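K.L.:
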Amino acid sequence: MFTGIVEEIGEVVAVEFGSESARLTVRGPVVVSDAVHGASIAVDGVCLTVVDQPEPGTFTVDVMQESLQRSSLHDVAPGRRVNLERAMAAHGRLGGHIVQGHVDGTGTLVARTPGEAWEVVRFAIPADLARYVVEKGSITIDGTSLTVSGVSAPGVDEPWLEVSLIPATLELTVLGTKGPGAQVNLEVDVLAKYVERLNAFDRIGAGA
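Every letter in the sequence shown is one number past the one before it in UniProt numbering, and letter 79, counting from 1, is 79.
#1: Going by the beta-carbon positions, is the gap between D104 and S72 smaller than 8 Å?
#2: Say whether the segment 89-101 touches the segment 119-135, bearing in mind that this needs 3 or more beta-carbon pairs closer than 8 Å, one atom from each stretch.
#3: Count the other CB atoms within 10 Å of the CB of residue 210; is the residue buried (16 or more) or exposed (fewer)?
#4: Looking at the structure shown, is S33 part of a helix, part of a strand, or coil, going by DSSP?
#5: Given that a residue counts as buried once 16 or more other Cβ atoms are within 10 Å of its Cβ, and exposed if not, what is S33?
#6: Less than 8 Å separating the beta-carbons of V12 and F59?
#7: Determine the extent of the beta strand (DSSP E) in which Q65 is found, giving its start and end residues.
#8: Under 8 Å, with one C-beta from each stretch per pair, do the segment 108-118 and the segment 38-55 reach the 3-pair mark?
#9: Are T173 and I9 touching if we call contact CB-CB under 8 Å?
#10: Using 10 angstroms around the beta-carbon of R80, count the other beta-carbons present and answer buried if the total reaches 16, otherwise exposed.
#11: Going by CA-CA distance only, name the one from L24, P78 and I166 that's closest to S67.
#12: Taking only runs that begin and end inside the UniProt repeat "Lumazine-binding" (1-97), name each unbroken beta strand (DSSP E) of 3 or more residues, in chain order.
#13: Below 8 Å on the Cβ atoms is my guess for V15 versus A22; work out the distance and round it to an integer in Å.
#14: Hey, could you find the ends of the beta strand (DSSP E) L109 is sitting in?
#15: For L84 versus A35, is the C-beta distance shorter than 8 Å?
#16: Quick one: give me the first and last residue of the beta strand (DSSP E) that L161 is part of.
#17: Which class does T173 belong to by DSSP, given the choice of helix, strand or coil?
#18: Going straight from the alpha carbon of K193 to that of L129, what length do you get?
#19: Give me the Cα-Cα distance between I139 and E158, rounded to the nearest whole angstrom.
#20: Helix, strand or coil for A153? Go by DSSP, reduced to three states.
#21: How many Å lie between G4 and L146 at the Cα?
What follows is the structure, given as structure tokens:
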């Protein structure tokens with residue numbers, strides 16, 4: 001479990017692709033400082049398991065086909081900067097919102113609008129995820145917990161959402177450097193998915 005509060009920007013230093021998987025080595029001295037074999041670290045919002053620490057300040061993870069298909073890690077390459085967060089400690093503060101590290105799909109950055117001390121950033125999102133996104137609700141973008149500041153109307157052909165990024169977010173996450181066309185990982189609020197699932201079962205029961 002994570003909170004969506006990025007601890008540091010890391011760098012992918014090595015990638016090995018298999019036929020249906022990948023192995024990444026990432027430099028992240030903060031998140032690896034107390035890591036052990038089997039520890040969970042979110043890489044751009046994808047929960048991955050530490051399988052090795054080849055050099056001081058680095059860690060290696062395996063990425064299965066499901067994660068490659070659903071996330072932007074399918075085309076990851078050495079030199080890529082990534083958001084990193086360790087799993088939340090049981091005694092820690094929930095500074096963002098409940099983040100599982102289970103990416104639902106990807107979106108595309110389409111526009112950045114600078115403000116006085118922030119930027120409004122718009123992302124195109126898949127239609128099947130749009131129903132889970134509400135204004136002032138929570139969304140995880142590349143592992144960053146954010147509040148939705150704008151959302152397209154229901155049923156539009158090209159749904160989108162907007163977030164407003166404060167200077168700290170622009171400086172301390174990879175979202176500060178991504179331009180139009182960049183792909184991002186999306187995790188919608190898990191509570192919305194549970195509500196939808198429960199309602200579906202309620203309808204089935206009522207029909208019976």
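All C-beta atoms, glycine included, are put in the ideal place defined by N, C-alpha and C.
Since we're looking at a predicted model, the values are computed, not measured.
P.N.:
Well, looking at it:
#1: no
#2: no
#3: Absent from the structure is residue 210, since the part of the chain shown begins at 1 and ends at 208.
#4: coil
#5: exposed
#6: no
#7: Q65 -> not in any beta strand (DSSP E); alpha helix (DSSP H) instead, spanning Q65 to R70.
#8: no
#9: yes
#10: buried
#11: L24
#12: 8-17, 21-27, 40-43, 46-52, 58-64 and 81-86
#13: 6 Å
#14: G105 to P114
#15: no
#16: W160 to L165
#17: coil
#18: 10 Å
#19: 18 Å
#20: coil
#21: 8 Å
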